[in-house]
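Residue numbers for the sequence shown follow the working numbering, beginning at 44 and rising by one.
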Amino acid sequence: MDTNTAILLTMLVPALASVTNMILRDQPNLRDGVTLAASVLTFVLVLTILGDVGNTTTTAFALFQVMPGLDLAFNVEPLGLLFAIVASGLWILTHLYGIGYMRENREDHHTRFFACFAIAIASVMGIAFAANMFTLFLFYELLTLSTYPLVAHKGTPEAIRGARTYLAVLIGTSIGLQLVAVIWTWTLTGTLDFTKGGILEGHIAGPMVAILLALYAFGIGKAALMPFHRWLPAAMVAPTPVSALLHAVAVVKAGVFTMLKVGVYIFGIDFLAATGASVWLMWLAAFTIVAASVIALTKDNLKARLAYSTVSQLSYITLGMALATSMGVLGGGMHIAMHAMGKITLFMCAGSIYVATHKTEISQMTGLGRAMPITFVAFLIGSLSIIGLPPMGGSWSKWLLVLASADTGQWVMIVVLMVSSLLNIAYLLPVVARGFFLPPAMAGGASEPGVLVWLPPAMTAIGCIVLFFFAGDILSFLAPIVEN
44 MDTNTAILLT
54 MLVPALASVT
64 NMILRDQPNL
74 RDGVTLAASV
84 LTFVLVLTIL
94 GDVGNTTTTA
104 FALFQVMPGL
114 DLAFNVEPLG
124 LLFAIVASGL
134 WILTHLYGIG
144 YMRENREDHH
154 TRFFACFAIA
164 IASVMGIAFA
174 ANMFTLFLFY
184 ELLTLSTYPL
194 VAHKGTPEAI
204 RGARTYLAVL
214 IGTSIGLQLV
224 AVIWTWTLTG
234 TLDFTKGGIL
244 EGHIAGPMVA
254 ILLALYAFGI
264 GKAALMPFHR
274 WLPAAMVAPT
284 PVSALLHAVA
294 VVKAGVFTML
304 KVGVYIFGID
314 FLAATGASVW
324 LMWLAAFTIV
334 AASVIALTKD
344 NLKARLAYST
354 VSQLSYITLG
364 MALATSMGVL
374 GGGMHIAMHA
384 MGKITLFMCA
394 GSIYVATHKT
404 EISQMTGLGR
414 AMPITFVAFL
424 IGSLSIIGLP
434 PMGGSWSKWL
444 LVLASADTGQ
454 WVMIVVLMVS
464 SLLNIAYLLP
474 VVARGFFLPP
484 AMAGGASEPG
494 VLVWLPPAMT
504 AIGCIVLFFF
514 AGDILSFLAP
524 IVEN
């Protein structure tokens, strides 16, 4: 199959799955089976692209031209292909999990839920394969709009408030800041194409470089930098499969992916390093890493604790870009995959606990580990990967970020990363300890939920271990994005 055709199909197949969901609304088994088939086909298409081009960058092809030099265009490059592999692969497991969760928890409006879910995946594929900032921006906005109904899914006053915060922050930052940055870049350079080494050098200098970077950094609200992070905890009112989508498969990863693309292909890391324009962003990322972790410690609600953990972990990737070194970018790129596998495990385990017991507060989970050993062991493995302990995949991306900090002489950043790992231990492992080592007074006869709820997090937990042994391959795969 032609690579360009395969790229288009990665967007078309999920979009058609969304339509199929609505057509088959009265046949749930067939509806969910067709969507599962679409998720598998999307993953196969991405693997086909991987087999065809490997980690090379292909020539962009344009669907149509908006104006001279501004096209809706797509291509393949290593960072985008890694993002597409992660998103399409985890869609399969998230869909299976979503079927089990929605049915066992007796949620309503399954058709709307899975239709919006599929559109979100189509948007992610558009972001991953976008050849320029214009194309990425369009799909970035579509992703926000398609996930809004998912956040508001339950229809309660709390869900509506959370969804409004979600939409207001993400649309407000993208239109008010990111779009301004995109237009400014177009005015300066006459292009928005993603180009190795960046497009801005020679077109902007002095403090204006840092100001333009600030417009991008805060305009990419999905990266959840403080103070534009409130949308993420607010979105925790959504069903847990949505939380898994937001935190691992789509939204937040689209944010930090965009941050890396802007740093590498719009500014260029050499330009950022020479101008020092990203130093302020490095310190803001460091503050977000520590502050969000401290806030996570104060949360008794498990999903809220995991939400603030995500805010912290996303800034690892922003920090990698802001360090403006090859090692930092590679560490940030690798952390997209490592964090995705670890965090989706944690959120699906939280959903498994809720389905089995309807408990949401950590203080209510005493003794549950003995009643739900698969769920709690999976949670332990996901936690160890987020903490960054071998043999879990998360250890490698954190190690690369430490090396990048040392390479640039940023010793405070090494301390930040170490303190962050200690805080990770402090807010994640007590969940496991409470479940396994305290008396089972509150287990209340709980047991593992159905197989579609416990199996996906068990598989992603195994994935956390598998990624540890393939970190070198991921590093080699991403290497061309920083090679001159």
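Note that the Cβ used here is the ideal one computed from N, Cα and C, for glycine as well.
Quiz item: Per DSSP, which one or two residues make a beta bridge with ALA421?
Solution: By 1-based counting over the sequence shown, the position of residue 421 is 378. Paired residue(s): none; ALA421 is not in a bridge.
Practice problem: Please go through the same chain and pick out, in chain order, the residues whose beta-carbon is closer than 6 Å to the beta-carbon of LEU531, but skip the five residues on each side of it. | Solution: Nothing about residue 531 can be reported from this structure: the residues present for the chain run from 44 to 527 only.
Quiz item: For ASN527, which three-state DSSP category applies?
Solution: Translated into the one-based positions of the sequence shown, residue 527 becomes position 484. Coil, per DSSP.
Self-check item: Contacts around HIS272, its chain only, beta-carbon distance under 8 Å, and the 5 residues preceding and following it disregarded
Solution: Taking the sequence shown and counting its residues from 1, the one referred to as residue 272 is at position 229. THR331, ALA335 and VAL354, listed in sequence order.
Quiz item: Just the Cα atoms here: how many angstroms apart are ALA60 and VAL77?
Solution: Along the sequence shown, read from residue 1 onward, the residue named residue 60 stands at position 17. Along the sequence shown, read from residue 1 onward, the residue named residue 77 stands at position 34. In a straight line, the C-alpha of ALA60 is about 7 Å away from that of VAL77.
Exercise. Please report how far the alpha carbon of GLY205 lies from the alpha carbon of LEU213, in whole angstroms.
Key: Within the sequence shown, the letter at position 162 stands for residue 205. Within the sequence shown, the letter at position 170 stands for residue 213. Approximately 12 Å between the Cα atoms of the pair.
Quiz prompt | Rounded distance between the beta-carbons of TRP326 and ALA253, thought under 8 Å | solution = Walking along the sequence shown from the start, residue 253 turns up at place 210. Walking along the sequence shown from the start, residue 326 turns up at place 283. Their Cβ separation, rounded to whole angstroms, is 12 Å, which puts ALA253 and TRP326 out of contact at 8 Å.
Quiz item: When we look at the beta-carbon of ILE309 and count the other beta-carbons within 10 Å, is it buried (16 or more) or exposed?
Solution: The sequence position of residue 309 within the sequence shown is 266, counting from 1. Flag for ILE309 reads buried.
Quiz item: In angstroms, rounded to a whole number, what distance separates the CA positions of LEU275 and ALA350?
Solution: In the sequence shown, residue 275 corresponds to position 232, counting from 1. In the sequence shown, residue 350 corresponds to position 307, counting from 1. Near 7 Å, if we compare the C-alpha coordinates of ALA350 and LEU275.
Quiz prompt | Buried or exposed by the 16-neighbour rule on C-beta atoms within 10 Å, applied to ALA449 | solution = What you label residue 449 is simply residue 406 of the sequence shown in a count that begins at 1. The residue in question, ALA449, is exposed, as its Cβ has fewer than 16 Cβ neighbours within 10 Å.
Quiz prompt | Burial state of PRO200 (16 or more Cβ within 10 Å) | solution = Locating residue 200 in the sequence shown gives position 157, counting from the first residue. Exposed is the call here.
Quiz item: So, helix, strand or coil for MET110, using DSSP?
Solution: Your numbering for residue 110 matches position 67 in the sequence shown. In the structure shown, MET110 sits in a strand (DSSP, three-state: E or B).
Exercise. Measure the alpha-carbon distance for PHE512 versus ALA248 and round it to whole angstroms.
Key: To locate residue 512, count along the sequence shown from 1; it is residue 469. To locate residue 248, count along the sequence shown from 1; it is residue 205. Rounded to whole angstroms, PHE512 to ALA248 spans 43 Å at the Cα level.
Quiz prompt | Closest Cα partner of THR100 within the set LEU122, LEU79 and LEU106 | solution = Residue numbering aside, residue 100 sits at position 57 when the sequence shown is read from its first letter. For THR100, the closest C-alpha among the options LEU122, LEU79 and LEU106 is that of LEU122.
Exercise. Say whether the region 280-288 touches the region 140-147, bearing in mind that this needs 3 or more beta-carbon pairs closer than 8 Å, one atom from each stretch.
Key: Verdict: yes, contact present.
Practice problem: Give me the Cα-Cα distance between TYR6 and ASP69, rounded to the nearest whole angstrom. | Solution: The question about residue 6 has no answer here: the residues shown for the chain are numbered 44 through 527.
Quiz item: When you compare each of LEU288, THR368, ILE135 and GLY240 to THR187 by their alpha carbons, which one comes out closest?
Solution: The residue labelled residue 187 in the question sits at position 144 within the sequence shown. It is LEU288 whose Cα lies nearest to the Cα of THR187.
Quiz item: Within 10 angstroms of its Cβ, does LEU133 collect 16 or more other Cβ (buried), or is it exposed?
Solution: Reading the sequence shown from its first residue, position 90 is the one you call residue 133. It counts as buried.
Exercise. Could you give the DSSP three-state label for ALA173: helix, strand or coil?
Key: Position 130 of the sequence shown, counting from 1, holds the residue named residue 173. ALA173 falls in the strand class under three-state DSSP.
Exercise. From the DSSP output, read off the bridge partner residues of ASN344.
Key: Position 301 of the sequence shown, counting from 1, holds the residue named residue 344. ASN344 is bridged by DSSP to GLU404.
Quiz item: Would you report the Cα separation of ASP95 and MET502, rounded to the nearest angstrom?
Solution: In the sequence shown, the residue the question calls residue 95 occupies position 52. In the sequence shown, the residue the question calls residue 502 occupies position 459. Cα to Cα, the separation comes out at about 27 Å.
Quiz item: Whole-angstrom Cβ separation of MET391 and LEU510, contact assumed at under 8 Å?
Solution: As a first step, residue 391 is located in the sequence shown; it is residue number 348 there, counting from the start. As a first step, residue 510 is located in the sequence shown; it is residue number 467 there, counting from the start. In fact, because the Cβ distance is near 17 Å, the residues do not count as touching under 8 Å.
Quiz item: In this structure, does DSSP put ALA486 in helix, strand or coil?
Solution: Counted from its first residue, the sequence shown places residue 486 at position 443. Note that ALA486 scores 49 on pLDDT, short of 50, meaning its location in the model is unreliable and no value can be drawn from it.
Quiz item: Is there contact here, the region 355-374 with the region 391-407, by at least three beta-carbon pairs under 8 Å?
Solution: The answer is no - the region 391-407 does not touch the region 355-374, with fewer than three Cβ pairs under 8 Å.
Quiz item: Excluding sequence positions up to five away, which residues of its chain have a Cβ less than 7 Å from the Cβ of GLY97?
Solution: Mapped onto the sequence shown, residue 97 falls at position 54. Hits under 7 Å: none found.
Quiz item: Are VAL294 and THR388 touching if we call contact CB-CB under 8 Å?
Solution: Here residue 294 corresponds to residue number 251 of the sequence shown, with the count starting at 1. Here residue 388 corresponds to residue number 345 of the sequence shown, with the count starting at 1. No. Outside cutoff.
Quiz item: Rounded to whole angstroms, how far is the Cβ of GLY306 from the Cβ of MET381, which I believe are closer than 8 Å?
Solution: Taking the first residue of the sequence shown as 1, we reach residue 306 at position 263. Taking the first residue of the sequence shown as 1, we reach residue 381 at position 338. At roughly 19 Å, the Cβ-Cβ gap does not stay under 8 Å, so GLY306 and MET381 are not in contact.
Quiz item: DSSP three-state call for PHE117: helix, strand or coil?
Solution: Position 74 of the sequence shown, counted from the first residue, corresponds to residue 117. In the structure shown, PHE117 sits in a strand (DSSP, three-state: E or B).
Exercise. Identify, in the order they occur along the chain, each residue of the same chain with its Cβ nearer than 6 Å to the Cβ of GLY506, setting aside the five sequence neighbours on each side.
Key: The count along the sequence shown starts at 1 and reaches residue 506 at position 463. So the qualifying residues of the chain are MET384.
Self-check item: Where PHE104 sits in the DSSP three-state scheme
Solution: By one-based count along the sequence shown, residue 104 stands at place 61. In the structure shown, PHE104 sits in a strand (DSSP, three-state: E or B).
Quiz item: Rounded to the nearest angstrom, how far is the Cβ of PHE520 from that of VAL475, given a contact under 8 Å?
Solution: Position 477 of the sequence shown holds residue 520. Position 432 of the sequence shown holds residue 475. Between PHE520 and VAL475, the beta carbon gap of about 32 Å keeps them out of contact (Cβ cut-off 8 Å).
Quiz item: Secondary structure at ASP69, three-state DSSP: helix, strand or coil?
Solution: If you number the sequence shown from 1, residue 69 lands on position 26. Correct three-state label for ASP69: coil.
Quiz item: By how many angstroms is the C-alpha of LEU179 removed from the C-alpha of PRO523?
Solution: Sequence index remark: in the sequence shown, residue 523 carries index 480 (1-based). Sequence index remark: in the sequence shown, residue 179 carries index 136 (1-based). Using only the alpha carbons, I get a separation of about 21 Å.
Self-check item: Buried or exposed (CB count within 10 angstroms, at least 16 for buried), SER463
Solution: Numbered from 1 along the sequence shown, position 420 holds the residue referred to as residue 463. SER463 should be labelled buried.
Quiz item: Got a sec? Which residues, its chain only, sit under 6 Å from ALA486 by beta carbon, not counting five neighbours each side?
Solution: On the sequence shown, position 443 is the one that residue 486 refers to. The predicted model places ALA486 with a pLDDT of 49, which falls under 50 and marks its position as unreliable, so this point remains unresolved.
Self-check item: Length of the line joining the Cα atoms of ALA504 and ARG74
Solution: Against the sequence shown, residue 504 aligns to sequence position 461. Against the sequence shown, residue 74 aligns to sequence position 31. Distance between the alpha carbons of ALA504 and ARG74: 28 Å.
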